[in-house]
Structures are given as structure tokens and as C-alpha cells.
Amino acid sequence: MTLELLILPCLTDNYAYLLRDGARGTVALIDAPEPAPVLEALAARGWGLDLIALTHHHGDHIAGVGEIVAATGAKVAGAAADAHRLPPLDIALRGGDRLEIAGAAAEVIEVPGHTIGHIAFHLPEAGLLFSGDSLMSWGCGRLFEGAPAQMLASLRRLAALPGETLVCSGHEYTEANGRFALALEPENADLLARMAVVRAARAAGQPTVPAPLSLEIATNPFLRYGAAELRAALGLAPGASDLACFTEARARKDRF
1 MTLELLILPC LTDNYAYLLR DGARGTVALI DAPEPAPVLE ALAARGWGLD
51 LIALTHHHGD HIAGVGEIVA ATGAKVAGAA ADAHRLPPLD IALRGGDRLE
101 IAGAAAEVIE VPGHTIGHIA FHLPEAGLLF SGDSLMSWGC GRLFEGAPAQ
151 MLASLRRLAA LPGETLVCSG HEYTEANGRF ALALEPENAD LLARMAVVRA
201 ARAAGQPTVP APLSLEIATN PFLRYGAAEL RAALGLAPGA SDLACFTEAR
251 ARKDRF
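And the structure:
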């Protein structure tokens, strides 16, 4: 399939994503932090908009929905569990549901933790994961509503996807997340190599997303809870549980 992906910087450090099916011209938007960048991108390309798919209810992911819908007539899809705090939904989704996004089949994955009703969209044929603020580039979202066990289960669910999957997360937080990872393991060669690439991208004004899931598994401290080196850096015993490792890492990131 010919699926075009457009990364739209929004607000201060958010990203929205436009996808277009090259064969049929169907267009979808993942999250809507603000209207102007989205509407300008559509107008510049002569595109319409068929669907807005929302990952979670936070304002920096939904604030643009009303104006974009008014301008385009797009349908809105989001979590049924959060329908009471999302813009009006045309399509209410639950984990395991299937949704067509720009002509591509997408699986809806429940990923509570950052918020209770957070969902992600996996497009297996396109090799894309839109993870919002659950799994993030070199990190994970702060636990505003969920418990560590919920977020750990969510991250495990996402980590089980194919390694070549490209993780399209909701913010440009990669360098800051990497500084935390390196504070824990300052001599880790994989982390140092990734940071060099990230800093070069940012110096060139380029986004650091999407990132391959395999890279996240190799370098993201919130997916490396089983690594002996990370457990030692966190001051945990070798026999500590995965949950204890994740919880300690998340608590330290909150204070970092």
C-alpha cells in the first residue's frame, strides 16, 4: 500500500500525524493539538480530511478537534471509556477493535497508565504505531491517572509488536528522555550512540520521531526493566521484580 506519513509539529513540543492513502486519497489525522498546523498542511496539499483518531483526552491532544471538524467534516474516533471527556465521538473504540485509518487496517490497543482511557493505534501492514503519550521516544508518559502495574502491562503489550514497527509518539521529548537514561547508565554505548543521532537531528531542526520499536527495546529504560545493568544503576537487587524496576525508574524520572 502507498501510505504517506506527515509529521506536524504543534504547540511547543507536540506532534500530530497526517496519513494519506495514495491510492484512494483518504486522509486521517492522529491527535489534534491545535488547528492551524493541520489545516495549513491540508490546504497546502489540497487534501481533505476523513478521520481524526484520538489517543487520549488531554488538551494538548484534542484542543484542535472542534475547529478542524468544522472546516473539514472529519469523523472523530476515540476511546469509548473516555467519551465523557473527549470531543463528541462518531466512533467509540475499545481494545481489540479494528479501525480503518487512511485506508489501512488499524488495531486499537488499550494502553492505560498515562491516562486510564489511553489507546494506541497499530497499523501492521504499514508498520506504524501511534502511541500518544504511552510509549514515547526513549521514555514513557508520566502516570497521571494509572498505576505502575498498568503502565508496565501497557508497555509490554506494545513491546510485543514487531521490532521494525515505527513508534510515532506524541511529543519531542527524546533528548530530555535520553539525558535521563544516560544519567542512569552514563557509559552505555548504545545510549551514547543514540544520543549522538538525536542531537544531530535536533541541531538540523529534524524530528526524532518516529523511532523503531527495536531501538526502544534496546535503549529505553522503561522497556529494559529486565537488564541487570539498569537494575544495578537503580540500586535494586538482581532478583527484584520487573514491576519494582519499572516503578523505581519512573519515580526517578519524575524527580529528574
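Here the UniProt record's numbering is used: the first residue of the sequence shown is 1, the next is one more, and so on.
Even glycine gets a Cβ: it sits at the ideal position worked out from N, Cα and C.
Under DSSP, N188 forms no beta bridge with any residue.
L158 is positioned such that its CB atom lies closer than 9 Å to that of S134. In the same chain as P210, and ignoring 5 residues on each side of it, the C-beta atoms closer than 6 Å to its own belong to L166, V167, C168, in chain order. In this structure, I116 and G146 form a Cβ contact; the two beta carbons are roughly 6 Å apart against a cut-off of 8 Å. Each of G59, R45, H58, E67 was checked against the Cα of A36, and the nearest Cα belongs to E67. Pairing L234 with R252 gives a Cβ-Cβ distance under 9 Å. Closest in alpha carbon position to G96, among P88, L89, A105, is A105. Cβ neighbours of V65 within its own chain (closer than 7 Å, five residues either side excluded): A32, I52, V76, P87.
Note on geometry: alpha-carbon atoms of Y225 and T247 lie some 9 Å from one another. Per DSSP, the unbroken beta strand (DSSP E) holding A120 starts and ends at 119-123.
For I217, the three-state secondary structure derived from DSSP is helix. If you check the CB distance, L215 and R194 come in under 9 Å.
DSSP places P148 in the uninterrupted alpha helix (DSSP H) bounded by 148-159. Distance from the CA atom of R20 to the CA atom of L6, rounded to whole angstroms, is 9 Å.
9 Å or more divides the Cβ of H118 from the Cβ of T208.
Secondary structure at E67: helix, using DSSP grouped into helix, strand and coil. Per the coordinates, the alpha-carbon of A126 lies some 32 Å from the alpha-carbon of N188.
Residue environment analysis places R231 among the buried positions, since at least 16 neighbouring C-beta atoms fall within 10 angstroms of its C-beta.
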